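Residue 423 is where the sequence shown ends in our numbering, and the numbering goes up by one at each step.
Glycine included, each C-beta is placed from N, C-alpha and C at the ideal position.
These numbers were taken from a predicted model, which means no experiment stands behind them.
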Amino acid sequence: MTGAPPPWAMLAELTHGCPLHCPYCSNPLELVRRSRELTGEEWAEVLRQAGELGVVHTHLSGGEPLLRTDLETITAAAESAGIYTQLVTSGVGLTKARLAALVDAGLRGVQLSVQHSDPGASDRIAGRRSFTAKERAAALVRDAGLPLGLNIVLHRDNLDALDDLVELGASWGAQRIELANTQFYGWALRNRTALLPTREQLARARDAVERWRERLDGSMDLVWVVPDYFDGVAKPCMGGWGAVSLTVAPDGTALPCPAAATIPGLDPPNVRDHRLDWIWNHSGAFNHYRGETWMKDPCRSCAHRAEDFGGCRCQAYALTGDAAAADPACGLSPHHGLIRALAGAPGPGPDDTAAAGPGYVYRKPGRG
Ligand code: FES
Numbered sequence: 056m057t058g059a060p061p062p063w064a065m066l067a068e069l070t071h072g073c074p075l076h077c078p079y080c081s082n083p084l085e086l087v088r089r090s091r092e093l094t095g096e097e098w099a100e101v102l103r104q105a106g107e108l109g110v111v112h113t114h115l116s117g118g119e120p121l122l123r124t125d126l127e128t129i130t131a132a133a134e135s136a137g138i139y140t141q142l143v144t145s146g147v148g149l150t151k152a153r154l155a156a157l158v159d160a161g162l163r164g165v166q167l168s169v170q171h172s173d174p175g176a177s178d179r180i181a182g183r184r185s186f187t188a189k190e191r192a193a194a195l196v197r198d199a200g201l202p203l204g205l206n207i208v209l210h211r212d213n214l215d216a217l218d219d220l221v222e223l224g225a226s227w228g229a230q231r232i233e234l235a236n237t238q239f240y241g242w243a244l245r246n247r248t249a250l251l252p253t254r255e256q257l258a259r260a261r262d263a264v265e266r267w268r269e270r271l272d273g274s275m276d277l278v279w280v281v282p283d284y285f286d287g288v289a290k291p292c293m294g295g296w297g298a299v300s301l302t303v304a305p306d307g308t309a310l311p312c313p314a315a316a317t318i319p320g321l322d323p324p325n326v327r328d329h330r331l332d333w334i335w336n337h338s339g340a341f342n343h344y345r346g347e348t349w350m351k352d353p354c355r356s357c358a359h360r361a362e363d364f365g366g367c368r369c370q371a372y373a374l375t376g377d378a379a380a381a382d383p384a385c386g387l388s389p390h391h392g393l394i395r396a397l398a399g400a401p402g403p404g405p406d407d408t409a410a411a412g413p414g415y416v417y418r419k420p421g422r423g
């Protein structure tokens with residue numbers, strides 16, 4: 056045993072198939088084909104082992120998990136393993152009957168992705184008509200009495216709509232809105248120029264969040280996921296490598312974070328070959344960047360190393376070619392200039408974006 060405490064959360068990426076084409080998708084460039092996905096029985100076994108390991112919460116995610124016709128079976132398996140399930144969905148394809156079946160199977164909450172408060176802009180960002188389906192899905196979730204959260208990825212094209220987005224969440228009955236500034240992994244990195252906001256946009260959005268928090272007075276939870284390109288501070292990615300959660304990709308690859316497969320030589324294990332407790336406690340992939348022994352300077356001697364864990368390994372690799380380097384988002388990283396140059400570069404303003412179109416490279420994951 057490594058002595059690592061057990062994970063409490065698991066991201067179950069049931070499929071990479073998705074009806075949307077979002078330019079900020081953080082899934083890897085190489086998506087898992089539907090023919091290689093774990094079967095419902097395999098997911099049930101993974102969830103059973105996850106429950107034994109100590110996992111108490113799972114996001115049933117994707118892609119679009121509603122594309123799995125056996126989603127009810129998977130949800131029921133989580134429920135019998137004592138794991139609280141939350142469905143992370145675009146809302147496309149959710150019907151009253153499907154939701155009722157999922158609730159019967161034990162589903163405890165729904166997190167709905169929203170691209171913009173304006174229907175036309177939302178459809179443009181998603182790359183297809185989907186706003187109406189989201190509105191309908193929110194009403195179904197509310198009518199079913201399930202907790203509803205909205206997941207809004209923020210970028211240049213929607214940051215100035217923050218007030219309207221919070222109002223939309225309130226009118227849809229959301230208890231929680233996650234305002235997640237775009238993290239540049241996977242496909243999102245390809246659209247970084249079009250998605251990076253201006254500092255002025257971020258400052259306005261931050262002020263708006265503070266105003267709303269005061270006004271809502273705890274009646275709705277507003278979570279602000281920091282824009283680490285702009286703050287000069289590394290985020291404590293995943294709460295530390297192999298520290299609190301794990302991800303299982305659609306083909307059973309087990310990862311310390313959703314983007315970790317991008318790190319060469321990591322050799323992530325697969326749940327088809329190993330039990331989850333071995334993967335968590337003994338696999339090289341989960342131990343490689345666990346704790347502090349892997350750290351180089353400046354992280355090794357940094358007073359913040361127990362708070363930010365050196366930042367994000369995947370971002371360090373993507374920007375410097377060395378996954379053990381300090382995350383360049385940190386102002387103390389010798390590579391911080393890379394990020395400063397990007398965050399300070401004068402891009403088109405939001406008005407230009409609206410007029411000319413953002414020039415996205417849309418993702419085409421398809422329905423499989
Ligand atoms: Fe992999 Fe941050 S996304 S460690």
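Looking at R259, A314 and A229, the one whose alpha-carbon comes closest to that of D276 is A229. Distance check between N246 and each of L66, L84 and P61 places L84 closest, using alpha-carbon atoms only.
Runs of the beta strand (DSSP E) lying entirely within the stretch 186-259, each at least 3 residues long, are 203-209 and 231-236 in chain order. Between the stretch 89-100 and the stretch 260-267, the count of C-beta pairs closer than 8 Å stays below three; the two stretches do not touch.
Shown here, E68 sits in a strand according to DSSP, grouped into three states.
Check the Cα spacing between A199 and each of F364, L149, D178 and P282: the tightest is with L149. Assigned with DSSP and collapsed to three states, S388 falls in coil, not helix or strand. Between A105 and I138 a beta carbon distance of about 6 Å is seen, short of the 8 Å cut, so the two are scored as contacting. For T140, the beta-bridge partners assigned by DSSP are T113.
For T128, no beta strand (DSSP E) segment is defined; the enclosing uninterrupted segment is the alpha helix (DSSP H) at L126 to S135. Excluding sequence positions up to five before and after H343, its CB lies less than 6 Å from no other CB in the same chain.
Contact annotation, A314 with P323: C-beta distance approximately 11 Å; criterion of less than 8 Å not satisfied.
Relative to ligand 1, the nearest heavy atom lies less than 6 Å away from the CB of C369. If you look at L301, you'll find it in the beta strand (DSSP E) that goes S300 to V303. Rounded to the nearest whole angstrom, the CA to CA distance from S177 to L244 is 20 Å.
Ranking C80, W242, A289 and A235 by CA distance to the CA of E362 puts A289 first. Across the set A398, G224, A373 and L126, the C-alpha of A398 shows the shortest separation from the C-alpha of D283. Selection C385, W333, F239 and R368 evaluated against P61 yields W333 as nearest (Cα-Cα). Nearest neighbour of L142 by Cα position, chosen from V165, V158 and I318, turns out to be V165.
With 16 or more neighbouring CB atoms inside 10 Å of its own CB, R368 falls in the buried class. About 27 Å separates the Cβ atoms of V147 and P252, ruling out a contact at the 8 Å cut-off.
At a threshold of 6 Å, C354 does not count as near ligand 1, since its beta carbon sits no closer than that to any of the ligand's heavy atoms. Under the three-state reduction of DSSP, N82 is assigned to coil, being neither helix nor strand. The C-alpha of E134 lies about 48 Å from the C-alpha of A396.
Between P305 and V87, the CB-CB gap stays under 7 Å. The C-beta of P383 has 16 or more other C-beta atoms within 10 Å across all chains shown, which makes the residue buried.
The C-alpha of T113 lies about 16 Å from the C-alpha of N206. Taking every protein chain shown into account, the CB of E269 has fewer than 16 other CB atoms within 10 angstroms, so this residue is exposed. Judged by their CB atoms, G109 and L69 are not nearer to each other than the 7 Å cut-off. Pairing L214 with Q256 gives a Cβ-Cβ distance under 7 Å.
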